[in-house]
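Residue numbering for the sequence shown follows my numbering, starting at 749 and increasing by one per position. Glycine residues also receive a C-beta, built at the ideal position from the N, C-alpha and C atoms. Keep in mind the model is a prediction, meaning the values are calculated, not measured. To keep things clear, I will list the structure first and then write my remarks on it.
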Amino acid sequence: MNIAIVGTGYVGLVSGTCFAEMGVNVTCVDVNEQKIQSLLNGQIPIYEPGLDEMVLRNYKEGRLHFTTDITTCLDSVDIVFSAVGTPPDEDGSADLKYVLEVARTVGRNMNKYLILVTKSTVPVGTAKKVKQAIQEELDKRGVQIPFDVASNPEFLKEGAAIKDFMSPDRVVIGVESEKAKEMMTRLYRPLMLNNFRVIFTDIPSAEMIKYAANSMLATRISFMNDIANLCELVGADVNMVRKGIGADSRIGSKFLYPGCGYGGSCFPKDVKALIKTAEKNGYDMKVLKAVEEVNEEQKSILFKKLLKHYNGDLKGKVIAIWGLAFKPETDDMREATSLVMIKKLTEAGCTVKVYDPVAMDECKRRIGETVTYATDMYDAVLNADALLLLTEWKQFRLPSWGVIKKSMNQPVIIDGRNIYDTEEMKEFGFEYMCIGK
């Protein structure tokens, strides 16, 4: 089977590579010539464990191709996936200009039946606009070529994207014709053979599922952060509370971990977009507005703890930060708590030293020399008045506390992910603060 994937960002490159791994002939398309040339040279533009090897292997074996011109492959493909960006507009709604441009390009150049499948996260109703854009281009050409549109939202977690694609909880596909359903079934049959769930729905439902899923997970995170903040005030331990409610089979334990706020490319953007979709349809998403508000507040929680510890005066203090990416196993800093913390710390007159295993270059790209970039985690804490842990990378879990205590000016640690034991940290001689205790 031959398919094309337009957009070689996170979703497009991972999806295209995994389809190639399953034996599909895949052409990845991107208008960014530099990115395509880098891929042709074996340089992968994103960080994702295991992706480099898989891209190189499938490219070498002739199943994975890269081009800047979609017209070179349209006559030979059965399915075109649109995996281009949908950045938030100024009002928080998803910007569909790239999605619709793909649709118009397909309409201008297609010569046979194909399916245009939206892989990007898009608001409910986008498929109608995509279908209309294709038909308008066909009408301009004065040709009648049958086609279908479909929705196939992605559910990839950064840092575990390959596993999520190859062994998914579910695959959601929205279609409006039997032919489209048959072709998408054929494409995903390798996953069906392993009893992975492929759920076929109407297209609007498929579009909504992605937003609803991410918004539910974001809601659980903000709920637990709210509970954690209350636990501190009433003397409860949020870890015990989390275990107690997570043991209820109706609730479960996933995404009940309190912390210093969620970030990334999905949760913040999707929550905003769903709120905006509701507004456009005359409905007020009160719960999600609260979710968003709690999360924005939570990104400042460690700064407030630090400010309180130093009696409101942080001027001249040296603050170390472990973790810049919004989560482990990625270099993605979109909507990351670290960006909020760095801004607040520098405005308060602090010198900020940072370390992250993979996101240092991304941080330099975003904020330049605003901070001091440490060579490793121990260099970051040298002469520091406090250490803030923002991302729970595995290498931060069991450091040499004796070395760290001797290196710091003040043995103050504020743990934004609750990965350390309170009593143990006290035994090492640290003033230790975390979330919800």
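Check	Outcome
As assigned by DSSP and simplified to three states, the class of I957	helix
With 16 other Cβ atoms within 10 Å as the buried cut-off, status of S1013	buried
Three-state secondary structure assigned by DSSP to M904	With the sequence shown as reference, residue 904 is identified as Leu, and Met is not the correct amino acid for it. Of the three classes helix, strand and coil, the one that applies to L904 here is coil, per DSSP.
Pair within 7 Å by beta-carbon distance, A768 and L822	no
Residue interval of the beta strand (DSSP E) (run including Y1180)	E1179 to M1181
Cut-off 6 Å between Cβ atoms - residues of its own chain near V946, not counting five sequence neighbours on either side	V919, Y936 and M940
Segment contact flag, the region 816-834 with the region 854-869, C-beta cutoff 8 Å, min 3 pairs	yes
Beta-carbon proximity list for K1017, same chain, < 7 Å, skipping 5 on both sides	P836
K1017 (DSSP reduced to helix, strand or coil)	helix
N1166 to T967 span [Cα, whole Å]	19 Å
Sequence-distant residues of the same chain with beta carbon closer than 8 Å to T1170, five excluded per side	Y1180, C1182 and K1185
Beta-carbon proximity list for L804, same chain, < 7 Å, skipping 5 on both sides	G790
Enclosing beta strand (DSSP E) for F829 [first to last residue]	I827 to S830
Start and end residues, alpha helix (DSSP H) containing E1150	First, the amino acid is wrong: residue 1150 is Gly here, not Glu. Where G1150 is concerned, the enclosing alpha helix (DSSP H) stretches over W1149 to S1155.
DSSP bridge partner residues for S899 (one or two, in chain order)	T866 and G922
Three-state class that DSSP yields for Y1121 in the structure shown	strand
Beta carbon proximity, L965 to chain C, threshold 7 Å	In the displayed structure, chain C is absent; only one protein chain is listed.
For R1114, the first and last residue of its enclosing alpha helix (DSSP H)	M1108 to I1115
Nearest candidate by alpha-carbon position, reference Q892, set A909, L864, S915 and G855	G855
Rounded Cβ spacing between T1094 and V1100 (contact assumed at less than 8 Å)	6 Å
C-beta atoms of I1115 and L1135 nearer than 7 Å	no
Alpha carbon of V1066 to alpha carbon of I882, nearest angstrom	57 Å
Run of the beta strand (DSSP E) containing L1146, from where it starts to where it stops	Looking at the DSSP string, L1146 is not in any beta strand (DSSP E), and its letter there is neither H nor E.
Beta-carbon proximity list for D800, same chain, < 7 Å, skipping 5 on both sides	I792
Delimiting residues of the alpha helix (DSSP H) encompassing C766	Y758 to E769
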